[in-house]
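Be aware that the sequence shown starts at 0, since it is given in numbering that gives the first Met the number 0, and climbs by one per residue.
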Amino acid sequence: MGDGGQRLRALGTAGHRRSAPLLAVAFLLVTACAGDRELRKEDAEHQLPSAATRFFAVAYDQMVERYAEPVTPSTLAESGLGNLGKIDPRISVRRSGERIEVSADRRLAVALQAPPADDVYRWARLTVAAINAGREHSLALREASSNDVYQVVMDGAVRALDQHSRYSSPDGARDNRALREGFGGIGVTIDGESDDVRIAAVMSRSPAASAGLQADDRIARIEGEMTRGMSSRDIVRRLRGPIGAPVTIDVLRTGKEGLLAFTIVRALVVPQTVTYRRDGDVAHIKITGFNGRTAERTVEALTTARKEIGRDIKGIVLDLRGNLGGLFEQSVTVADIFLDHGRIVTTRSRHRAAVQIVEASPGDPGENLPVVVLINGNSASAAEIVAAALQDNGRALAIGTTSFGKGSVQTVIGLPNEGELAITWAHYYSPAGYTPQNLGVNPAICTAANDDAAAPVIEAVRAGRAAPAVSMAEWRAADYRDKERSQALRARCAPNGREREIDYEIAKRLLQEPGLYSSALRAAQVAARVN
């Protein structure tokens, strides 16, 4: 998941630090391959910067060291270089026996001796040599920035791993860190579809809220500079900054004449991932992702619901539809909020540090409330951990469609160019013993084949005719590596990315009839037993 908590990120960073001295030694000991000697004669302006070798060496080293399955730097480099055609289709790189051949317009430009398959540093040097050879014969490659070249090659390299591992450029890495950990800002959301710079929302308890900014205010100036013509990214960059540093903005407000001036001191802003609304005697808690504050804000939402609804509260609709995941440790903590005992998740990997069994502990505010979890085809990764943990422990009913099917945990590693790698270093297994990888979570009540009427589903539950589309015994027995079989099982409760009202209506009706909820929960537990 995108994942990996603070402990996982710390391990990735430590691995990065270990790489530096190894690279220094390798530079002295490794002799140049034939392609390197030839390329030293070429114009420097056509070549990647000297830091490029270190970038690829660190990247390959970390993928080889951290990936959940064994992989060689030769596999990564060949897959990465094969992607150069994305910049210029005239350029191709392929292996021919013991040589890596770079061709332009189908004519051989240079042939480089392939190093031993497991030699990280020499494959990094070859990668740079091959790119530089391509740049000598391609204007498009020469005009591409170093970071653009890194992106294309690394996209190809991670493709040799799996569909969930990824490389992010420096800009993308900064955005990812902001989503996971927060950033120095004022706490507003900008409407990207608006012709002017309109504030779409103001976070509660944020510096912007304390200063008096309101939704629909239009930001006319930032630090005295007109915002007209600025891109959304430029606006965001100017509003963010060091925590404790002030920023001055001028806004236009409907019903007020002239500009309103605000000087706002930036604070740590962590994107809001949890919202709560009361629906009579039911609490609807929506979690859109898992960042560094999700568990804390889930507790806050539960506390508010208990206080607002009081003894009349019938239960919680925990809405994980559209939740693509986030931090592993936060998902585990959120599941624990609703469990007083039982296994939450197990992770497996070739790395001892990535293997763990996580059990729930008592003493959390959601433990004695009835729960229904809503999932759909866009509920992934960390969201699937929570849904599976609650359903497999008989603690909640999952309603909706089969979820996304991402059963892997990623560790995030910083790179020398300030980009980052998120690579799979473990697979996780639900308490029932299956991994959602390529499979997903199997809802106890499937709504995929239903129209927008909740009544027939409720009547089926009342009559004891509601059952999962696939038995849990079949689900557990599926091998995630058998994609054809996994797809066939998923199709029986076909994933759907829509957030349909029928799912919520069924959940609400079940919670408002405690007897019906209890019988549905018992039926789901019976269906989950393995004979």
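All residues carry an ideal CB built from backbone N, CA and C; glycine is no exception. None of these values were measured; they are calculated from a predicted model.
Beta-bridge pairing of residue i - partner residues as DSSP gives them
i       : result
Thr-188 : Ala-200
Arg-106 : Ala-103
Glu-358 : Arg-342
Met-533 : The structure shown does not extend to residue 533, since the chain spans only 0 to 530, so no value can be given for it.
Lys-278 : For clarity, residue 278 is Asp in the given sequence; the question names Lys instead. BP columns for Asp-278 point to Val-281.
Cys-492 : Beta-bridge pairing links Cys-492 to no other residue.
Tyr-166 : Leu-420
Glu-224 : Ile-221
Asp-318 : Lys-285 and Leu-373
Phe-261 : Ile-248
Gln-61  : Per DSSP, none; premise fails for Gln-61.
Val-98  : It is worth fixing the name first, because residue 98 is Arg in this sequence and not Val. Answer is Ser-95 and Gln-112, bridged to Arg-98.
Val-273 : Ile-286
Gly-183 : Leu-267
Gly-562 : Any property of residue 562 remains undetermined from this structure, which presents the chain solely from 0 to 530.
Ile-444 : Ile-398
Arg-589 : Absent from the structure is residue 589, since the part of the chain shown begins at 0 and ends at 530.
Ile-501 : According to DSSP, which records beta bridges pairwise, Ile-501 is partnered with nothing at all.
Arg-347 : His-426
Ile-130 : Answer is none; Ile-130 lacks a bridge partner.
Residue i versus the options, residue with shortest Cα-Cα distance
i       : options                               : result
Pro-415 : Phe-55, Gly-254 and Gln-46            : Phe-55
Leu-338 : Arg-305, Ala-300, Ala-386 and Thr-293 : Ala-386
Thr-297 : Val-273, Val-109, Asp-147 and Arg-310 : Val-273
Tyr-120 : Asp-190, Val-63, Val-264 and Gly-439  : Val-63
Arg-237 : Gly-257, Asp-215 and Arg-265          : Arg-265
Ser-231 : Thr-188, Pro-245, Ala-200 and Arg-98  : Thr-188
Ala-538 : Pro-69, Pro-467 and Arg-475           : This structure does not reach residue 538, given that the chain is present from 0 up to 530, and the question cannot be answered.
Arg-394 : Ala-447, Ala-431, Tyr-427 and Ala-108 : Ala-431
Asp-280 : Leu-326, Ile-308 and Asp-190          : Ile-308
Ser-429 : Arg-94, Arg-204, Ala-388 and Tyr-516  : Ala-388
Val-246 : Lys-285, Arg-227, Arg-277 and Pro-206 : Pro-206
Ser-518 : Val-460, Gly-496 and Asn-131          : Val-460
Lys-313 : Leu-488, Asn-367, Asp-478 and Arg-347 : Asn-367
Leu-509 : Leu-396, Met-229 and Ala-132          : Leu-396
Leu-111 : Ile-374, Ser-485 and Ile-99           : Ile-99
Leu-125 : Glu-97, Ala-139, Arg-141 and Tyr-275  : Glu-97
Contact belief for residue i with residue j at Cβ below 8 Å, rounded distance in angstroms
i       : j       : result
Ser-360 : Asp-391 : The pair is not a contact, with the Cβ atoms about 17 Å apart (cut-off 8 Å).
Gly-291 : Glu-180 : 5 Å
Thr-319 : Val-370 : Residue 319 is actually Leu in this sequence, not Thr. Between Val-370 and Leu-319 the Cβ distance is about 11 Å, and since that is not below 8 Å, they are no contact.
His-163 : Lys-405 : 6 Å
Val-354 : Ile-343 : That pair is no contact at about 15 Å.
Ser-137 : Ala-51  : About 16 Å separates the two Cβ atoms, so there is no contact after all.
Ile-218 : Val-250 : 5 Å
Asn-449 : Val-440 : The Cβ separation is near 18 Å, so there is no contact.
Asp-161 : Thr-423 : 6 Å
Distance cut-off 7 Å: residue i Cβ against heavy atoms of the ligand FMN
i       : result
Arg-176 : By its list of ligands, the structure shown contains no ligand whatsoever, and the ligand FMN lies outside what it can speak to.
Test: residue i CB closer than 8 Å to a CB of chain C
i       : result
Asp-174 : Absence of chain C from the displayed structure is noted, only one protein chain being present.
Jot down the residue ranges of each uninterrupted alpha helix (DSSP H) in the stretch 377 to 432, minimum 4 residues, whole runs only, in chain order.
-> Segments of the alpha helix (DSSP H) lying fully in the stretch 377 to 432: 381 to 391.
Please determine if the stretch 376 to 385 and the stretch 431 to 451 are in contact, where contact requires at least 3 C-beta pairs separated by less than 8 Å.
-> Result yes; three or more Cβ-Cβ pairs closer than 8 Å.
Meets three-Cβ-pair contact criterion under 8 Å: the stretch 58 to 73 and the stretch 107 to 124 | Taking a cut-off of 8 Å for Cβ pairs, the stretch 58 to 73 and the stretch 107 to 124 touch, as three or more such pairs fall below it.
Inter-stretch contact (C-beta, 8 Å, three-pair minimum) for the stretch 497 to 506 and the stretch 442 to 451 = For the pair of segments examined, the stretch 497 to 506 was found to touch the stretch 442 to 451: the number of CB pairs separated by less than 8 Å reaches three.
Kindly confirm or deny that the stretch 86 to 95 and the stretch 141 to 157 touch, where touching means at least three C-beta pairs closer than 8 Å.
-> At 8 Å Cβ cutoff, the stretches touch.
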